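Participant:
Number of protein chains: 4
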Amino acid sequence: MTEEPLDVAGLRRRLAEFAAARDWQQYHTPKNLVAALSVEASELVEIFQWLTPEESSRVMADPGTAHRVTDEVADVFSYLLQLCDVLDIDPLAALAAKIERNEERFPPV
Amino acid sequence: MTEEPLDVAGLRRRLAEFAAARDWQQYHTPKNLVAALSVEASELVEIFQWLTPEESSRVMADPGTAHRVTDEVADVFSYLLQLCDVLDIDPLAALAAKIERNEERFPPV
Amino acid sequence: MTEEPLDVAGLRRRLAEFAAARDWQQYHTPKNLVAALSVEASELVEIFQWLTPEESSRVMADPGTAHRVTDEVADVFSYLLQLCDVLDIDPLAALAAKIERNEERFPPV
Amino acid sequence: MTEEPLDVAGLRRRLAEFAAARDWQQYHTPKNLVAALSVEASELVEIFQWLTPEESSRVMADPGTAHRVTDEVADVFSYLLQLCDVLDIDPLAALAAKIERNEERFPPV
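Chains as they are written, first to last, in our numbering: chain F, 11 to 119; chain Y, 11 to 119; chain P, 11 to 119; chain H, 11 to 119.
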């Protein structure tokens, strides 16, 4: 376990080192990483697909389901950061810019 | 534009305030947010679906495509943080824990 | 408009001829076709993502939404048949076999 | 095993009977069925996500992978027909209409 700080830049670096140590970068084309990201997002959907809206709001009450949801959130986040790494995108700046555009596009009610 | 720091916690708070100001929280069940997350991930896939691996590695060379990719990355990140907000998941801690599990599961070559 | 019968085999043949006439077969690797299929499935999800279960049951009452849903169903079906064409899978036989396996796996209540 | 003919209408009817016999129709809102459809489409993507285009063209050469691909094709087709059943959409007519629109939109080269 490393002593890297728990932030986006540190996790992105750990993921890049993880892939490099396993010689997995050859598989990490942007095309493959977006496919993997969408597969992980669908694994999240699978947990919720037959639930009512109300049941979906209570998923964290069951420890097994809570663990599964948290694990899939980590997988989505992992591929998102790996994609940002290979494409040299800053996800924090990208999201901040998007929020600013949306604040103009959708004025508060 | 706010003066919040550009980090995960700050963006998550801005997204929550954005939704609250528009009365959108009613739509933000976990079930709906994972669906929206997977839709945004697929919009990323759509950009890459007919590209060769080599073409996919050059997407950022075209300013229009680079903007589109960055925008979709922001959308995926946005729904991921909104999901974490309604489920009270810490995405940084979830990913750090996952990396540690994977370091044991897949020893370096 | 052709006079081919309106069945799976006829539509599959028309889709293959359509792609060949436009020199699109080069893009139709199985990997690309499954990506396109999942993108079209997500475009269906997008129509429903913020709807309540009740609202989702009434989508065909609005002519514009009904047209959009029908169009996305056609897109999903199109890529499914094109995938079956390049992989030489009979989707009718595959589904019949699956139903039979499921009839054993999930006995009626 | 029934003696129904192996066509879209027959399979759609068998799927409807299968769900009714298990009291599953309550889960089969259009919203849930499109989610399940997209999850199954992603399970197809998962098989192909790390393959090169060339490897993806050879997936049927391995019996285990061929079975897995065929099984996922059946799952996608199954949810597509169940969606058509609850929304009263004719998928064959929808696809034929789409092909005709595309023949006008994309003239052959």
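All residues carry an ideal CB built from backbone N, CA and C; glycine is no exception. Given the structure is predicted, the values throughout are model-derived calculations rather than measurements.
(1) Between which two residues does the alpha helix (DSSP H) containing R111(Y) stretch?
(2) Could you tell me the alpha carbon to alpha carbon distance between A4(P) and K108(H), rounded to whole angstroms?
(3) Just the C-alpha distance for L10(F) and A26(Y), rounded to the nearest angstrom, thanks.
(4) If I measure Cβ to Cβ from L90(H) and keep anything under 7 Å in the same chain, skipping five residues before and after, which residues do I get?
(5) Would you kindly work out how many angstroms separate the C-alpha atoms of A76(F) and V69(F), rounded to a whole number?
(6) Do L105(H) and S52(P) have their beta-carbon atoms positioned less than 7 Å apart in this structure?
(7) Do E50(P) and D85(P) count as a contact pair if the criterion is CB distance below 7 Å?
(8) Determine the chain P residues that contact N42(Y) at a beta-carbon separation under 8 Å, and present them in chain order.
(9) Taking 7 Å as the CB-CB cut-off, is T80(Y) touching chain F?
(10) Could you list which residues in chain H have their beta carbon closer than 8 Å to that of P118(P), in chain order?
(11) Considering just the uninterrupted stretch of the alpha helix (DSSP H) at L90(Y), what are its terminal residues?
(12) If you count every other CB in all the chains shown that lies within 10 Å of the CB of D21(H), and 16 or more means buried, which is it?
(13) Considering Cα atoms alone, identify which of C94(H), D95(H), Q92(H), V83(H) is closest to D95(P).
(14) Determine, using beta carbons only, whether V79(F) and R32(Y) come nearer to each other than 7 Å.
(15) Do you know offhand how far W34(Y)'s Cα is from L43(Y)'s?
(16) In angstroms, rounded to a whole number, what distance separates the CA positions of E110(Y) and H38(F)?
(17) P63(H) touches chain P at which residues, Cβ-Cβ below 7 Å?
(18) Using Cβ-Cβ distances below 7 Å, what residues of the stretch 44–55 of chain Y are close to chain P?
(19) Between the Cα of Q92(Y) and those of A103(Y), S66(Y), A29(Y), spot the shortest distance and give me the residue it belongs to.
(20) Give me the chain P residues within the contact set of R24(H), using Cβ-Cβ distance strictly less than 7 Å, ordered along the chain.
(21) If we define contact as Cβ-Cβ less than 7 Å, is L97(Y) a contact residue for chain H?
(22) Where does A35(P) sit, in a helix, a strand or coil, going by DSSP?
(23) For P118(F), which three-state DSSP category applies?
(24) Which residues bound the alpha helix (DSSP H) around V55(Y)?
(25) Between R23(F), R24(F), L61(F), Q36(F), which has its C-alpha nearest K41(Y)'s C-alpha?
(26) Could you tell me which chain Y residues have their CB closer than 8 Å to the CB of D85(F), listed as they occur along the chain?
(27) Determine the burial state of R24(F): buried for a count of at least 16 other Cβ atoms within 10 Å of its Cβ, exposed for fewer.
(28) Which same chain residues, not among the five before or five after S66(H), have their C-beta less than 8 Å away from its C-beta?
(29) I want to see whether chain H comes within less than 7 Å of P73(P), judged by CB atoms only; does it?
Facilitator: On the basis of the supplied data:
(1) 101–115
(2) Any question about residue 4(P) goes unanswered here, given that chain P covers just 11 to 119.
(3) Missing from the structure shown is residue 10(F); chain F here goes from 11 to 119 and no further.
(4) L47, P101
(5) 6 Å
(6) no
(7) yes
(8) Q59, W60
(9) yes
(10) A31, R32
(11) 73–97
(12) Checking the displayed sequence, the identity of residue 21(H) turns out to be Leu instead of Asp. The residue is buried, with at least 16 neighbouring Cβ atoms inside 10 Å.
(13) V83(H)
(14) no
(15) 12 Å
(16) 20 Å
(17) T39, K41
(18) A45, A46, S48, V49, S52, V55
(19) A29(Y)
(20) I109
(21) no
(22) Reading the sequence as shown, one finds Gln at residue 35(P) and not Ala. Three-state result, Q35(P): helix.
(23) coil
(24) 40–58
(25) L61(F)
(26) K108
(27) buried
(28) F58
(29) no
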